[in-house]
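I have placed the structure first, in the form of structure tokens, so that the comments after it can refer back to it.
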Amino acid sequence: MKRIFRSLVRGAALWAAIGTIGASAFAAELTPIKVSYQPALYWALPFYVATEKGWWAELGLKPEFSIFPAGVPQMAASASKSWDVGGTGSVPAVLGSQRFGIKTIGLTNDESQANVLMVSKSRYAQVKADPKLLKGQTIVLTSNSTGDYAVQACLKKFGLSKDDVTLKNMGQAEIISAMSSGNADYGGVWAPNDYTLEEKAGAKVLCTGKDGGAVVPGALIVRGDYAKEHPENVAKFLAIYLRAWAWMNAHRPQALEMMKKFYAQGGVSISEASMEQEFNTRPTFDLKQQLQAMDRAKGPSEMDRWFTDIAKFMHAAGSLSTVPAAHSYITNTYMKRVEADPKLAAFASQTN
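To convert, take the position in the sequence shown, counting from 1, and add 317; that gives my numbering.
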């Protein structure tokens, strides 16, 4: 009996060892992919959801995250290959394409209503009644950003230009601090910073990018050299991102709970009503809609036109020496790889 027992123990130990080796082998098979984003932003939530759900591993990837306070330093970091893929605003995506060879491979969301011009509680009613009162005022904003783009679109809507005001460059946290302390009355911010100012300082939205006629898309991006070397990983990255949106749109209550945790990690706390507004005012794109937005069958695509308008804004601001052709940095190659692969296409649309 003892001999049988010892055999069973040795057998159990052997199977345990095999199991450990198998698990280690599986872990070793995961391919690292460096993902960059900005914290506590709506369009970055899919990265958190996909991680919590284990979807990266399902496609054989192991994400290594790099977090940046804004798009410009994010683009600059690509020069050292500190990241491979990620998401960013459309303004830094264009800037990155010209300076660092960054390719735009998809859309994160339509954030036209999420980039806004805000006014302090004490000045709002007066300026709302007569926006021309903005003339001669100082607006704090983050230069070369989607917030800057939206503010200038709003000024144009009001019959003003950037020469009619003083635009002062600040980081988003600095803007919140300045407006909350009464040291600034006008600010250009993006969500969820607008909700923070509404809830904590009583500031109000005077105009959104959409109000000013500006389409403000968010960009999914990849380093050009990485895309050439690892096209299959880029396609997997896109499929994972799309699946996260598919799941969140099908499971709003659970998504809101995850959003709360994700925002808290980035030091942001907003009400549930504001989180609901994020979902309600920021359309996202499934695989079919991504491909439609990138379709050049009848000439420039919708994305081409949106990004060209942004490049014109940047050229006027002196950030770009010329307006680049959108097809030189926007490509549907990797989104089409997702569509062409039955496994990835199915994965991208899963809601469970």
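Glycine is no exception: its CB is placed at the ideal position from the N, C-alpha and C atoms.
Query: Ignore the nearest five residues each way along the sequence and tell me which others in T348's own chain have a CB closer than 7 Å to its CB.; Result: G377, L378, K379 and N550
Query: Could you spell out where the beta strand (DSSP E) holding V585 opens and where it closes?; Result: Per DSSP, V585 belongs to no beta strand (DSSP E) and is neither H nor E.
Query: Please classify V539: does DSSP put it in a helix, a strand, or coil?; Result: strand
Query: In or out: G464 buried (at least 16 other Cβ within 10 Å) or exposed?; Result: buried
Query: Along the chain, where does the alpha helix (DSSP H) that runs through N550 open and close?; Result: P548 to A567
Query: Which residues bound the beta strand (DSSP E) around K452?; Result: Here K452 belongs to no beta strand (DSSP E), and DSSP marks it neither H nor E.
Query: Could you give the distance in angstroms between the alpha-carbon of Q489 and the alpha-carbon of V482?; Result: 19 Å
Query: F382 by DSSP, collapsed to three states: which one?; Result: strand
Query: Starting from the Cα of E619, find the closest Cα among F364, K629, M631 and Q606 and give me that residue.; Result: Q606
Query: Would you kindly report the start and end of the unbroken alpha helix (DSSP H) that includes G388?; Result: G388 to A394
Query: Comparing alpha-carbon positions, which option in E375, P386, L412 and A394 lies nearest H292?; Result: Outside the displayed span of the chain (318 to 669) sits residue 292, for which this structure offers no information.
Query: Is the beta carbon of A536 sitting closer than 8 Å to the one on T421?; Result: yes
Query: With distances taken between CB atoms, is the gap from T601 to W562 smaller than 8 Å?; Result: yes
Query: Taking 8 Å as the threshold (C-beta atoms), are R599 and S395 in contact?; Result: no
Query: Give the secondary structure of T601 by DSSP, where H, G and I count as helix, E and B as strand, and everything else as coil.; Result: coil
Query: For the candidate residues T525, G635 and S498, whose alpha-carbon lies nearest to that of G505?; Result: T525
Query: Using DSSP bridges, identify the partner residues of W507.; Result: N432
Query: Apart from the five residues just before and just after T668, which ones in its own chain have a Cβ nearer than 7 Å to its Cβ?; Result: A563, W564 and A567
Query: If you run the structure through DSSP and keep just helix, strand and coil, what is L573?; Result: helix
Query: Classify K553: buried if its beta carbon has 16 or more other beta carbons within 10 angstroms, exposed otherwise.; Result: buried
Query: For L514 and L608, I'd like the C-alpha separation in whole angstroms.; Result: 36 Å
Query: Measure the beta-carbon distance from K452 to K521 and round it to whole angstroms, keeping in mind my assumption that it falls under 8 Å.; Result: Actually they are not in contact, since the Cβ atoms of K452 and K521 sit about 19 Å apart, beyond 8 Å.
Query: Give the straight-line distance between the Cα atoms of V402 and N597, rounded to the nearest whole angstrom.; Result: 27 Å
Query: Tell me whether N500 is buried or exposed, calling it buried when 16 or more other Cβ atoms sit within 10 Å of its Cβ.; Result: exposed
Query: What distance in whole Å lies between the Cβ atoms of P641 and A628, which are believed to be in contact at a cut-off of 8 Å?; Result: 6 Å
Query: What are the partner residues of I350, as DSSP defines its beta bridges?; Result: P380
Query: Comparing C-alpha positions only, which one of Y558, E516, L477 and S498 sits nearest to G529?; Result: L477
Query: Any idea what DSSP makes of T513, helix, strand or coil?; Result: helix
Query: Quick check on P409: does DSSP put it in helix, strand or coil?; Result: helix
Query: Looking at the structure shown, is V444 part of a helix, part of a strand, or coil, going by DSSP?; Result: helix
Query: Is the separation between the beta-carbon of E595 and that of W507 shorter than 8 Å?; Result: no
Query: So, is S407 buried or exposed, given that buried needs 16 or more other C-beta atoms within 10 angstroms?; Result: buried
Query: With DSSP as the reference, please indicate the residues paired to C524 in a beta bridge.; Result: L434
Query: Going by C-alpha distance, which of Y441, W372 and S414 is nearest Q391?; Result: S414
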